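Peer 1: Let me begin by handing over the structure; questions about it come next.
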Amino acid sequence: MAKPHTSSWGRRSVALAVFVALLSLTSLAFANALVVVKVRATGDAAVDGKVTLTARKGDATFSCETKDGGCKIDNVPGGAYTVTFEPKSGKAPKPRPVMIPPEGTVSLFVATG
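Number -12 in the numbering used here belongs to position 7 of the sequence shown; there are no gaps in the numbering.
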């Protein structure tokens, strides 16, 4: 009985397809969110300070300093967090819980005063 003929190109094509599929799965596993933060006081006035996301499970923290009441935090894994805001002046609002989805762009509004 004759062996079926498989070319080295055929095996390489299959190996390449498997590699690309595994690479796609890896990129999905590491997708994280971009959190766009806006901090506003009464009357929609921008407030500057430090915004921190602290994971409720584990010890991961992510933060940014606002400029004109806004900042961005990139590569935040999805999950449950507590958001805190430390204004450069004035009273800080109470920390509050937030949920961050595993990927995409998320708007996070922090109200002061």
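All residues carry an ideal CB built from backbone N, CA and C; glycine is no exception.
In this text the structure is predicted, and so the values were computed from the model without any measurement.
For the region 20 to 72, list the beta strand (DSSP E) runs that are entirely contained and at least 3 residues long, ordered along the chain.
Peer 2: With a minimum length of 3 residues, the continuous beta strand (DSSP E) runs that stay inside the region 20 to 72 are 30 to 36, 42 to 46, 51 to 57, 60 to 68.
Peer 1: Have a look at P83 and N13 and give me their C-alpha separation to the nearest angstrom.
Peer 2: Here residue 83 refers to the residue found at position 102 of the sequence shown. Here residue 13 refers to the residue found at position 32 of the sequence shown. Approximately 5 angstroms between the Cα atoms of the pair.
Peer 1: Once you ignore the five residues that flank R77 on each side, which residues in its own chain have a CB closer than 8 angstroms to its CB?
Peer 2: Counted from its first residue, the sequence shown places residue 77 at position 96. So the list reads T63, V64, once near-sequence residues are dropped.
Peer 1: Where do the N-terminal and C-terminal ends of the beta strand (DSSP E) with P78 fall, by residue?
Peer 2: Taking the first residue of the sequence shown as position 1, residue 78 is located at position 97. Element bounds for P78: 77 to 81.
Peer 1: Grab me the residues of S88's own chain with a C-beta within less than 6 angstroms of its C-beta, minus the 5 sequence neighbours each way, in chain order.
Peer 2: Along the sequence shown, one-based indexing puts residue 88 at 107. Within the same chain, S88 has close Cβ partners V17.
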